[in-house]
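So the structure is just underneath, and the comments pick up after that.
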Amino acid sequence: DSVASRGLGDVYKRQISILAILLLRHKNILVSDFVIILNMYYLFSESIIKVLESYSSIRKNSNLFERYDQVLNKNLQDFNEFDVINKFKVDFIDVSYKYPGSSDFALENLSVSFTSDEKIAIIGENGAGKTTFIKLLIGLLEPTSGQILFDGKNISADDRINYFASTFQTSKLFPGSLADNLFFNNKQNRDLEFIKSYIHKNKIENKSKLRYLEIEDHIGNEFFDDAFIPSGGQEQLIVTLRALLSNKRMLIFDEPTSNLDIDKEIKFYNILSEFEDRGYIIISHRISITNVVDRIIVIRDKKVENSGTYHYLKENSPYFKHLLDISEELMKGAIDD
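Just so you know, we're using the numbering used here here: the sequence shown kicks off at 4 and counts up by one.
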């Protein structure tokens, strides 16, 4: 269609040239009339071209939307929600990882063990290797050396990902309804009461409709004129809700409250505490996270510096104490400002 509209544009340009020649051959026509007629024909032809281009764009986007809608609405026979896995243990044994093309290790000889029902925080400075650790855990990366064992067995990267529901800072919503984003066309585990409670507790408002977000509301103004456009914090809360609704035994959150104010951060962690039978791992730069977990893993210089409870690390990890002091200074500075 777009090629055809460009072709018609070339036709109109040739016709304008022919019209100009015919008008010039007319002996009785005034120059002013010639210019007016030529401009009118030019404007008319340009309008026709724009109409054709708009029509072409509408047809193109319409076909794209139809294909997209078919993907969302068809029964995905190859999509099966992984069954809820029983409690499991993970062992990292001297795990090292080097990104392709890099001469330096992102993690080096890291060893740590934990079980799937633990509530864990991972803290450390930027570049310490926290995100690399998570990517290795859930199967996005394979170790350069060392072993990752599940209940004492080697598990492939493709299988490791089935044990976890993960959200990262790069996790995004896609065009479709809120239900599409939360369930991926999965008919199971639609806990609508929990979803409503979560939305209300976190005050996720659809301001264009002057009410809280609802399950049938559209997301993605690429396709929907009435789309809900989330803020960064709202999008973060919704992708986290998507993980909470999964059947996976352990949840992984990478900076889940980075776009939330303190009040919403507290509410989020209160909701998370309701999941007593499921473990989670939270990566965060905020030391406040250490108050809502059972165990803290401190990663420093690409390996585990120490791990334990808040009180244990405060007494036994100079580095953790150092991070606490920095956090307190930052908080004091913010209050003074």
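Beta carbons: idealized from backbone N, C-alpha and C, even for Gly. None of these values were measured; they are calculated from a predicted model.
Terminal residues of the alpha helix (DSSP H) in which residue i lies
{"i": "ALA246", "result": "235 to 247"}
{"i": "LEU176", "result": "Element bounds for LEU176: n/a, residue is neither H nor E."}
{"i": "ILE1", "result": "Outside the displayed span of the chain (4 to 340) sits residue 1, for which this structure offers no information."}
{"i": "ASN273", "result": "265 to 275"}
{"i": "PHE136", "result": "133 to 140"}
Residues near residue i by beta carbon distance below 6 Å, same chain, minus five either side
{"i": "LYS92", "result": "THR118, ASP154"}
{"i": "PHE227", "result": "HIS221"}
{"i": "ALA246", "result": "ALA168, THR170, LEU254"}
{"i": "GLN150", "result": "ILE96"}
{"i": "GLN80", "result": "Note that GLN80 scores 42 on pLDDT, short of 50, meaning its location in the model is unreliable and no value can be drawn from it."}
{"i": "LEU225", "result": "It should be pointed out that residue 225 corresponds to Glu in this sequence rather than to Leu. PRO178, listed in sequence order."}
{"i": "ALA124", "result": "ILE285, ILE292, THR293, VAL296, ILE299"}
Residue i - partner residues in DSSP beta bridges
{"i": "GLU208", "result": "TYR215"}
{"i": "ILE299", "result": "ALA124, GLY311"}
{"i": "ALA168", "result": "LEU254"}
{"i": "PHE344", "result": "Missing from the structure shown is residue 344; the chain here goes from 4 to 340 and no further."}
{"i": "VAL98", "result": "LEU113"}
{"i": "PHE231", "result": "ILE222"}
{"i": "SER148", "result": "SER99"}
Inter-residue CB distance, residue i and residue j (contact presumed, cutoff 8 Å)
{"i": "MET253", "j": "GLY223", "result": "In fact, because the Cβ distance is near 30 Å, the residues do not count as touching under 8 Å."}
{"i": "THR170", "j": "THR243", "result": "5 Å"}
{"i": "ASN184", "j": "LEU176", "result": "5 Å"}
{"i": "SER310", "j": "ILE300", "result": "4 Å"}
{"i": "TYR201", "j": "ILE274", "result": "6 Å"}
{"i": "LYS267", "j": "ASN205", "result": "6 Å"}
{"i": "LEU110", "j": "LYS305", "result": "5 Å"}
Sequence-distant residues of the same chain with beta carbon closer than 8 Å to residue i, five excluded per side
{"i": "THR147", "result": "SER99, TYR100, LYS101, PHE108"}
{"i": "ASN89", "result": "ARG252"}
{"i": "ASN209", "result": "TYR215, LEU216, GLU217, ASP220, PHE231"}
{"i": "ALA131", "result": "ILE302, ARG303, ASP304, LYS305"}
Closest by C-alpha distance to residue i, when choosing among the options
{"i": "ARG289", "options": "PHE136, LEU327, ILE164, GLU238", "result": "LEU327"}
{"i": "SER180", "options": "ASP229, LEU263, GLN150, ASN205", "result": "ASP229"}
{"i": "GLU258", "options": "ASN250, ASP280, SER291, PHE227", "result": "SER291"}
{"i": "ASP94", "options": "GLY127, GLU49, ARG163, ILE269", "result": "ARG163"}
{"i": "LEU248", "options": "ILE329, GLN172, GLU277, LEU46", "result": "GLU277"}
{"i": "PHE186", "options": "ASN250, GLU238, LEU316, ASN42", "result": "ASN250"}
{"i": "ASP264", "options": "GLY235, LEU140, LYS138", "result": "GLY235"}
{"i": "ILE126", "options": "ASN157, PHE256, LEU144, LEU139", "result": "PHE256"}
Neighbourhood of residue i by C-beta, 7 Å cutoff - its chain only, sequence neighbours within 5 removed
{"i": "GLU121", "result": "GLY282, ASP297, ARG298"}
{"i": "TYR322", "result": "VAL301, ARG303, GLU308"}
{"i": "GLN237", "result": "ILE207"}
The beta strand (DSSP E) enclosing residue i, as first and last residue numbers
{"i": "LEU110", "result": "110 to 118"}
8 Å Cβ cutoff, residue i in contact with chain B
{"i": "ILE126", "result": "Absent from the structure is chain B; it holds one protein chain and no more."}
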